[in-house]
Amino acid sequence: MPDVGLVFRGGRMRVEGAVCDLTELRITGQAATTASASPVPVRIAFTGDGDRVTDTVAAADLGAGRRLLLVDGAAADAELPPGAWVVVDGRAMRLTVRGRAAHTDPGRLDGLGRPLPPARVRTAAERAQERRPQALVTERGIFVPRPTAYRQQGVRVLESPMVRGWQPVETPIGGGGISVEYEKSPVRVAGAFTAMPILAEDGPFKDYEAAFGGALLFDTGKFNGSLMGAYLEPRTSSVRPSLFAYGSLGSSVTPPPFVVRGVALGGGWNSRVRVPRAEDLGAFPFLMALDNPGAIGADGPSVDPLKVLTSLIGPPRPWVIPQEGDLWFAAGLAFDCFKTVRGRAMALVQTGSELTISLLGAGGAQLPTQSEKKIARLEIGFEVTVKPVVGELSISAGFTEKTFLIDENCKLRGGVGLKFWFGEHPQAGDFALILGALPRARELPGHYPKSEPAGLEWGIGNTIKISGTAYAAMTPKSLMAGGSLEIVFQAGMVRAWLTAKLDVLVEWNPFYFDVGIGVRIGVSATIKVWFFRLTISIEIGASVRVWGPAVGGEATVHLWFISFTFGFGAERRSEKPALGWGGFQGMLPQPKHIIRTVPGPGYAGESTPDAAADSDAKPWLVNSGGFTFTTDTQAPVSTLYLDRDSTTPVDTGTAVDILPMHVQGKESELRVWFDREGRDETLRHWKHTPIRGNVVNALWGTSPDGGGGDGLLRERIIGVQLVSPPVNYGTSTGFIDEKGISFDPIAPDGRQPLSADEDSVGAEPRRPGGVIEKIHDGIDAAGTRSNRSALVGALGRLGVELGPVDTDLSGYAGAAGTAFTASPMLVAAG
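Counting from 1, position 320 in the sequence shown corresponds to residue 320 in the UniProt record's numbering; the numbering is continuous, with no gaps.
#1: I'd like to confirm the pairing. Which residues does DSSP put opposite residue 528 in its beta bridges?
#2: Hey, which unbroken runs of the beta strand (DSSP E) at 3 residues or more fall wholly within the stretch 606–679?
#3: Would you kindly check if the distance between the Cβ of residue 537 and the Cβ of residue 518 is under 8 Å?
#4: Where does residue 844 sit, in a helix, a strand or coil, going by DSSP?
#5: Please state the DSSP three-state secondary structure of residue 822.
#6: Would you list the one or two residues that DSSP bridges to residue 411?
#7: Using C-beta distances below 8 Å, list every residue in its chain close to residue 449, excluding the 5 sequence neighbours before and after it, in chain order.
#8: Could you check the C-alpha separation between residue 776 and residue 818 for me, to the nearest Å?
#9: Evaluate residue 640 with the Cβ neighbour count: other Cβ atoms within 10 Å of its Cβ, from every protein chain shown; 16 or more gives buried, anything less gives exposed.
#10: How many angstroms separate the CA atom of residue 827 from the CA atom of residue 603?
#11: What are the boundary residues of the beta strand (DSSP E) that includes residue 501?
#12: Can you tell me the Cα-Cα spacing of residue 377 and residue 340, whole angstroms?
#13: Using DSSP's beta-bridge definition, name the partner residues of residue 687.
#14: I need the boundaries of the alpha helix (DSSP H) containing residue 338, first residue and last residue.
#15: Tell me which residues share the same chain as residue 468 and place their Cβ nearer than 6 Å to its Cβ, disregarding the 5 neighbours each side in the sequence.
#16: What are the boundary residues of the beta strand (DSSP E) that includes residue 219?
#17: Measuring only the C-alpha atoms, how far is residue 802 from residue 792?
#18: Compute the distance between the beta-carbons of residue 226 and residue 247, then report whether it is under 8 Å.
#19: Grouping DSSP H, G and I as helix and E and B as strand, with all else coil, what is residue 285?
#20: Should residue 569 and residue 551 be called a contact, given that it needs their Cβ atoms to be closer than 8 Å?
#21: Need the endpoints of the alpha helix (DSSP H) that residue 795 sits in, please.
#22: What is the residue span of the beta strand (DSSP E) that residue 380 lies within?
#23: Alpha carbon to alpha carbon, how far is residue 212 from residue 195? Give it in angstroms, no decimals.
#24: Below 8 Å, can you find three or more Cβ-Cβ pairs linking the stretch 523–536 to the stretch 595–602?
#25: Would the stretch 574–586 and the stretch 552–559 be scored as touching if the rule is three or more Cβ pairs under 8 Å?
#26: Do you know offhand how far residue 608's Cα is from residue 620's?
#27: With burial defined as no fewer than 16 other Cβ atoms inside 10 Å of the residue's Cβ, what is the status of residue 822: buried or exposed?
#28: Figure out for me which residue from 370, 411, 346 has the closest Cα to the Cα of residue 385.
#29: Please state whether DSSP places residue 778 in a helix, a strand or coil.
#30: Cβ atoms of residue 400 and residue 282: under 8 Å apart, would you say?
#31: Considering residue 698, what are the terminal residues of the alpha helix (DSSP H) in which it resides?
#32: Kindly indicate which residue of 322, 343, 366 has the alpha-carbon position closest to the one of residue 332.
#33: For residue 741, does the three-state DSSP call read helix, strand or coil?
#34: Looking only at DSSP bridge pairs, what is residue 350 linked to?
#35: Quick check on residue 371: buried or exposed, where buried means 16 or more other Cβ atoms within 10 Å of its Cβ?
#36: What three-state label does DSSP hand residue 584 in the structure shown?
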């Protein structure tokens with residue numbers, strides 16, 4: 001049936017593609033509405049009395065649980081009064097028809113010279129009518145505006161707690177929040193503040209009840225910027241609040257050739273920022289705000305100043321999450337260079353649970369710069385993140401969605417990623433450089449970086465489509481690269497195509513290569529014979545695969561009716577051949593770097609090399625009170641010795657396997673001893689602690705698939721920490737020469753610091769006698785030892801660092817009779 005127009009009180013709704021059901025008295029079809037970018041399904045139902053229609057209900061499904069509902073002719077005592085209403089998210093609003101344009105007063109102009117409405121005082125009824133929620137019926141459909149508000153001195157107080165679908169659980173100021181709107185040329189300020197519920201039962205928001213946030217946009221003509229922030233309220237007192245703030249300022253503040261277009265600063269407490277990948281930088285709000293302050297606030301009346309908070313801290317993947325004990329700071333810069341390169345960059349530092357330093361940015365250029373017709377636009381996003389404590393460095397770069405070449409329909413995509421692990425990281429020593437997305441046959445361990453597929457898409461008119469992909473990966477053991485190209489021509493019933501593919505694999509140790517290349521060309525045509533469609537297709541192609549050493553390969557010829565393959569040279573290997581010892585040594589660091597010795601506490605520097613020694617190594621100077629050092633290796637250790645010739649190890653570990661040599665169950669010794677003036681001295685009496693770590697399965701495993709999925713073997717002995725034994729001070733002072741006990745006499749009439757005629761101040765020391773005997777009998781008595789231990793324990797609990805404590809004073813008690821030249825003098829306590 002033709003399109004249907006539903007006429008109701010105050011408006012009309014047009015239903016396209018209507019289907020009428022006379023039995024059920026209903027009409028279904030599509031209706032246009034400003035609530036959706038495209039026509040939505042609509043269903044109209046009628047009730048009647050004989051030939052007269054008494055009630056009309058129209059419902060439009062907007063998706064996501066939202067709908068529009070129009071009711072006309074309902075009974076006076078119904079839930080909705082007679083007339084047309086619209087229901088959005090459960091809130092009913094009266095429909096009104098768009099009125100005529102308001103009268104203007106030519107004598108009253110704004111800052112731009114536009115006429116203003118006549119100045120008059122509105123009545124209370126008019127103000128109440130203005131505040132009532134309304135939906136307008138227009139020629140394009142039904143328009144549901146934002147909640148209306150009344151203004152007072154530049155401040156609008158929102159009557160409804162709903163701000164464009166953002167429903168708060170609590171209102172910090174009056175109704176649903178507060179919005180500020182001030183405009184007096186050239187100054188404009190706009191923003192809002194409200195509450196947002198936190199509904200997540202788990203995840204980073206599980207300990208928080210609500211978020212209070214706001215955004216503010218300002219423009220002075222010369223400067224423009226925005227400021228936003230959020231405060232997360234915890235559910236219990238055991239959790240501290242989380243907050244963050246971020247702002248940007250835009251203006252050209254420096255002269256050419258380097259022009260600063262904007263700056264931004266931000267920070268957070270008990271919160272953390274999710275660092276975006278290079279491909280996601282175009283959607284990162286903090287970086288976008290450098291070019292467009294509206295990205296973190298409001299940029300005109302059509303943008304909700306609070307909508308951005310939902311994307312920042314809302315599901316499914318918030319950019320900012322609460323994190324107990326974390327702090328972050330960010331600073332950004334937008335710039336133009338030589339009127340060609342346009343970029344923005346940001347530094348982000350996060351501390352607390354994990355120290356992370358990131359440099360994020362995007363930059364690009366358009367060519368030619370002075371012409372409206374561009375032949376290329378290149379914009380590349382980059383991300384550099386280092387985690388010094390964890391031991392991880394990652395670098396990634398990728399084309400943004402704005403990049404094209406030659407033609408705007410020729411889109412480039414993809415990125416490259418580099419990761420390197422060091423220090424105490426479980427993958428220390430490993431690295432990977434990845435371009436694009438690897439095919440399934442070339443999958444790598446899960447901890448390696450992942451990049452978006454790299455390639456291009458180019459549609460030339462409606463007949464030709466060109467697409468291509470590329471990938472590459474370099475790891476400690478191999479290089480992989482490849483790609484594909486497809487050209488398709490489609491015109492009516494004729495289709496032609498060309499496809500080409502390349503795959504390359506090169507392994508270092510042992511050296512091995514595997515290269516494949518293939519090309520196919522085809523054409524097809526579809527013809528119609530009576531009531532049938534017949535497709536005729538012809539395709540020819542060839543592919544070659546070569547491997548070695550030993551060199552061999554296979555070739556395949558493909559025709560549209562048959563394919564055949566023939567081989568040549570050596571057979572493809574079924575497993576990697578074993579390396580010899582010389583080949584395996586080439587995979588290891590140089591001998592001088594394979595073992596490392598690092599001094600620790602007690603190290604005092606280096607001395608000059610011993611002239612009599614064969615080595616240029618400088619002896620260590622160490623503290624006689626104690627010394628610690630560590631020794632580690634690049635290879636796993638199965639037995640640990642602390643002398644040169646002993647056959648009894650002090651510790652043992654897992655037997656060593658060498659995967660490239662196909663060797664298993666071998667012994668690897670680590671021996672540590674002292675060379676003291678040409679004599680070998682044992683360290684067995686030193687305290688030793690084995691150092692355990694991870695080693696690469698590709699070198700020290702039993703099979704290529706070992707290593708638990710990440711290519712690492714865990715908890716292998718790779719070194720030892722050694723601590724010198726406690727110092728033995730002995731009971732003798734040793735030899736003291738005459739110079740050590742000499743003194744300079746002072747004449748009786750010489751200058752003295754004290755006068756014998758002065759009166760003493762304070763308690764006067766006396767010799768009561770029997771002190772030496774008390775020391776001899778009590779210094780090492782059981783009661784004294786117990787009291788001394790209790791005192792040491794109490795001081796330790798208070799955080800006092802006492803250092804080594806002598807618990808055995810029996811030697812001191814025995815020497816008390818000869819250690820004093822006179823009876824000690826005592827002073828009364830207190």
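Yeah, the Cβ is synthetic: ideal placement off N, Cα and C, and Gly gets one too.
So, from the listed chains and residues:
#1: Start at 1 with the first residue of the sequence shown, and residue 528 comes out as number 528. Note: residue 528 sits in a beta bridge opposite 533.
#2: 620–622, 628–637, 639–641, 656–658, 663–666, 669–671, 674–676
#3: What you label residue 518 is simply residue 518 of the sequence shown in a count that begins at 1. What you label residue 537 is simply residue 537 of the sequence shown in a count that begins at 1. Going by C-beta atoms, residue 518 is not nearer than 8 Å to residue 537.
#4: A question about residue 844 goes unanswered here, because the residues of the chain that appear run from 1 up to 830.
#5: Residue 822 sits at position 822 when you count from the first residue of the sequence shown. Reduced to three states, the DSSP call for residue 822 is coil.
#6: Locating residue 411 in the sequence shown gives position 411, counting from the first residue. Its beta-bridge partners are 404, 457.
#7: Locating residue 449 in the sequence shown gives position 449, where the first residue counts as 1. The answer, listed in chain order, is 394, 396, 417, 418, 419, 432, 434.
#8: Residue mapping note: residue 776 aligns to position 776 of the sequence shown, counting from 1. Residue mapping note: residue 818 aligns to position 818 of the sequence shown, counting from 1. Cα to Cα, the separation comes out at about 11 Å.
#9: The residue given as residue 640 occupies position 640 in the sequence shown. Label assigned to residue 640: buried.
#10: Position 827 of the sequence shown, counted from the start, is the residue given in the question as residue 827. Position 603 of the sequence shown, counted from the start, is the residue given in the question as residue 603. Residue 827 and residue 603: Cα-Cα distance of roughly 42 Å.
#11: For this step, residue 501 is matched to residue 501 along the sequence shown. Its beta strand (DSSP E) spans residues 494–507.
#12: Numbered from its first residue, the sequence shown carries residue 377 at position 377. Numbered from its first residue, the sequence shown carries residue 340 at position 340. Answer to the nearest angstrom: the Cα atoms are 11 Å apart.
#13: Residue numbering aside, residue 687 sits at position 687 when the sequence shown is read from its first letter. In DSSP, residue 687 forms a bridge with 723.
#14: Reading the sequence shown from its first residue, position 338 is the one you call residue 338. Counting along the chain, residue 338 falls outside any alpha helix (DSSP H), and DSSP gives it neither H nor E.
#15: What you label residue 468 is simply residue 468 of the sequence shown in a count that begins at 1. Hits under 6 Å: 455, 456, 485.
#16: For the purposes of this step, residue 219 is taken as residue 219 along the sequence shown, with counting starting at 1. 208–219 is the span of the beta strand (DSSP E), which, as asked, contains residue 219.
#17: Within the sequence shown, the letter at position 802 stands for residue 802. Within the sequence shown, the letter at position 792 stands for residue 792. Between residue 802 and residue 792, the C-alpha separation is close to 8 Å.
#18: If you number the sequence shown from 1, residue 226 lands on position 226. If you number the sequence shown from 1, residue 247 lands on position 247. The answer is yes: Cβ separation under 8 Å.
#19: As a first step, residue 285 is located in the sequence shown; it is residue number 285 there, counting from the start. Residue state, collapsed to three classes: helix.
#20: Translated into the one-based positions of the sequence shown, residue 569 becomes position 569. Translated into the one-based positions of the sequence shown, residue 551 becomes position 551. For residue 569 and residue 551, yes; Cβs fall inside 8 Å.
#21: The residue labelled residue 795 in the question sits at position 795 within the sequence shown. Note, residue 795: alpha helix (DSSP H), 782–797.
#22: Residue mapping note: residue 380 aligns to position 380 of the sequence shown, counting from 1. From DSSP, the beta strand (DSSP E) with residue 380 extends over 376–387.
#23: Counting from 1 along the sequence shown, the entry for residue 195 is found at position 195. Counting from 1 along the sequence shown, the entry for residue 212 is found at position 212. Roughly 4 Å between the two C-alpha positions.
#24: no
#25: no
#26: Here the question's residue 608 lines up with position 608 in the sequence shown. Here the question's residue 620 lines up with position 620 in the sequence shown. The alpha-carbon atoms of residue 608 and residue 620 are separated by roughly 9 Å.
#27: Translated into positions along the sequence shown, residue 822 becomes position 822. The residue is exposed, with fewer than 16 neighbouring Cβ atoms inside 10 Å.
#28: Sequence index remark: in the sequence shown, residue 385 carries index 385 (1-based). Nearest C-alpha to residue 385: 346.
#29: Against the sequence shown, residue 778 aligns to sequence position 778. Helix.
#30: Position 282 of the sequence shown, counted from the start, is the residue given in the question as residue 282. Position 400 of the sequence shown, counted from the start, is the residue given in the question as residue 400. It is a contact, given that the beta carbons lie within the stated cut-off.
#31: Along the sequence shown, read from residue 1 onward, the residue named residue 698 stands at position 698. Unbroken alpha helix (DSSP H) run through residue 698: 697–700.
#32: Working through the sequence shown from its first residue, we reach residue 332 at position 332. Checked all of 322, 343, 366; the closest Cα to residue 332 is 343.
#33: Taking the first residue of the sequence shown as 1, we reach residue 741 at position 741. In the structure shown, residue 741 sits in a helix (DSSP, three-state: H, G or I).
#34: Numbered from its first residue, the sequence shown carries residue 350 at position 350. In DSSP, residue 350 forms a bridge with 328, 356.
#35: Here residue 371 refers to the residue found at position 371 of the sequence shown. Residue 371 should be labelled exposed.
#36: Residue numbering aside, residue 584 sits at position 584 when the sequence shown is read from its first letter. Note: residue 584 maps to helix in three-state DSSP.
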